[in-house]
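Chains as they are written, first to last, in this note's numbering: chain A, 11 to 120; chain B, -17 to 101.
Ideal placement from N, C-alpha and C gives every residue a C-beta, glycine not left out.
Predicted model only: the values in this text are computed from it and were never measured.
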Amino acid sequence: QTVVTQEPSFSVSPGGTVTLTCGLSSGSVSTSHYPSWYQQTPGQAPRTLIYSTNTRSSGVPDRFSGSILGNKAALTITGAQADDESDYYCVLYMGSGIVIFGGGTKLTVL
Amino acid sequence: QVQLQESGPGLVKPSQTLSLTCTVSGGSISSGGYYWSWIRQHPGKGLEWIGYIYYSGYTYYNPSLKSRVTISVDTPKNQFSLKLSSVTAADTAVYYCARCPSVDAFDIWGQGTMVTVSS
Chain A
11 QTVVTQEPSF
21 SVSPGGTVTL
31 TCGLSSGSVS
41 TSHYPSWYQQ
51 TPGQAPRTLI
61 YSTNTRSSGV
71 PDRFSGSILG
81 NKAALTITGA
91 QADDESDYYC
101 VLYMGSGIVI
111 FGGGTKLTVL
Chain B
-17 QVQLQESGPG
-7 LVKPSQTLSL
3 TCTVSGGSIS
13 SGGYYWSWIR
23 QHPGKGLEWI
33 GYIYYSGYTY
43 YNPSLKSRVT
53 ISVDTPKNQF
63 SLKLSSVTAA
73 DTAVYYCARC
83 PSVDAFDIWG
93 QGTMVTVSS
């Protein structure tokens, strides 16, 4: 069974840059997986940040960017702000209409 | 703008069928171009994709839930629905509906509705 892997937690200093990654338990992530990224704060619905690897959703600041780094998808946040402290989830498309969520990364800004 | 709103019972007994509806406003399901999805989140856990439907009725389901899931669409009411049969406590979760511009991403989310499975 394929598992989508994310760092369980990460921390960044205010104003700093952080890169969160999204990998596969078996194999490499490519643009063909159309990686997308979602931000969720406690008690709220997820918010779409990035889709199709690097396309920002409407209204998302350019501090958020998506890419492929090595064999993983990556979400980079530059100039981290206090309200970036959230859970971040990636989604990978596995073909045949199937998508899988990663386990999420809890980002702390301190 | 397009908004989605989940509705349905907040409490379901074990072995029964969980039924939820997502009402779409500000846009028409029948205009096409989008898939309509259900996602859930167990308490304190991550997100799990359940499945989606196109306005024509074509569906894709998470293989791990496929035997128990039915997603349907009611275009005149501009709604789509989720039925999950034979529920157990493990199906207790917040259930979200979402719009998908393609089968690989979600762009607009409902606020979510908590469903508890308990006798």
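Length of the line joining the Cα atoms of residue i and residue j
i: Gly25 of chain A; j: Val6 of chain B; result: 39 Å
i: Gly26 of chain B; j: Pro(-9) of chain B; result: 21 Å
i: Ser1 of chain B; j: Thr95 of chain B; result: 12 Å
i: Phe62 of chain B; j: Gln16 of chain A; result: 31 Å
i: Tyr48 of chain A; j: Pro(-4) of chain B; result: 32 Å
i: Thr74 of chain B; j: Leu66 of chain B; result: 11 Å
i: Thr115 of chain A; j: Asp56 of chain B; result: 36 Å
i: Leu(-14) of chain B; j: Tyr77 of chain B; result: 12 Å
i: Gln50 of chain A; j: Ser101 of chain B; result: 31 Å
i: Gly76 of chain A; j: Ser49 of chain B; result: 35 Å
i: Gly69 of chain A; j: Phe88 of chain B; result: 15 Å
i: Thr12 of chain A; j: Ser36 of chain A; result: 7 Å
i: Pro52 of chain A; j: Lys59 of chain B; result: 32 Å
i: Thr31 of chain A; j: Leu59 of chain A; result: 14 Å
i: Pro83 of chain B; j: Ser96 of chain A; result: 24 Å
i: Pro18 of chain A; j: Gln54 of chain A; result: 19 Å
i: Phe20 of chain A; j: Tyr61 of chain A; result: 22 Å
Own chain, CB closer than 6 Å to residue i, minus 5 neighbours either side, in chain order
i: Leu(-7) of chain B; result: Thr98
i: Thr29 of chain A; result: Ala84, Thr86
i: His43 of chain A; result: Leu102, Tyr103
i: Gly14 of chain B; result: Tyr37
i: Thr88 of chain A; result: Thr27, Arg73
i: Gly9 of chain B; result: Val(-16)
i: Thr52 of chain B; result: Lys65
i: Thr41 of chain A; result: Thr63
i: Arg57 of chain A; result: Gln49
i: Ser(-11) of chain B; result: Thr3
i: Trp91 of chain B; result: Tyr78, Ala80
i: Ala71 of chain B; result: Val99
i: Glu30 of chain B; result: Arg22
Enclosing beta strand (DSSP E) for residue i [first to last residue]
i: Leu64 of chain B; result: 61 to 66
i: Gly105 of chain A; result: 97 to 105
i: Tyr40 of chain B; result: Where Tyr40 of chain B is concerned, there is no enclosing beta strand (DSSP E), given that its DSSP letter is neither H nor E.
i: Leu117 of chain A; result: 115 to 119
Cβ-based neighbour list, residue i, same chain, cut-off 7 Å, excluding 5 preceding and 5 following
i: Ser38 of chain A; result: Asn81
i: Gly39 of chain B; result: Val55
Same chain, Cβ closer than 8 Å to residue i, five either side skipped, listed in chain order
i: Leu47 of chain B; result: Ile32, Gly33, Leu66
i: Ile78 of chain A; result: Val39, Ser40, Thr41, Pro45, Thr63, Ala84
Can you confirm whether the region 103 to 112 of chain A touches the region 31 to 50 of chain B when touching is taken to mean that 3 or more C-beta pairs between the two stretches lie within less than 8 Å?
yes
In chain order, which beta strand (DSSP E) runs of at least 3 residues are fully inside the region -17 to 37 of chain B?
-15 to -11, 0 to 7, 17 to 23, 29 to 36
Report the start-end ranges of each beta strand (DSSP E) in the region 43 to 90 of chain A that is 3 residues or longer and not cut off at the edges.
46 to 50, 57 to 61, 74 to 79, 82 to 87
For a minimum of 3 consecutive residues, which ranges assigned as the beta strand (DSSP E) are wholly contained in the region 12 to 43 of chain A?
14 to 16, 19 to 22, 28 to 34
Identify every run of the beta strand (DSSP E) within the region 45 to 96 of chain B, keeping only runs that are complete inside it and at least 3 residues long; order them along the chain.
51 to 56, 61 to 66, 75 to 82
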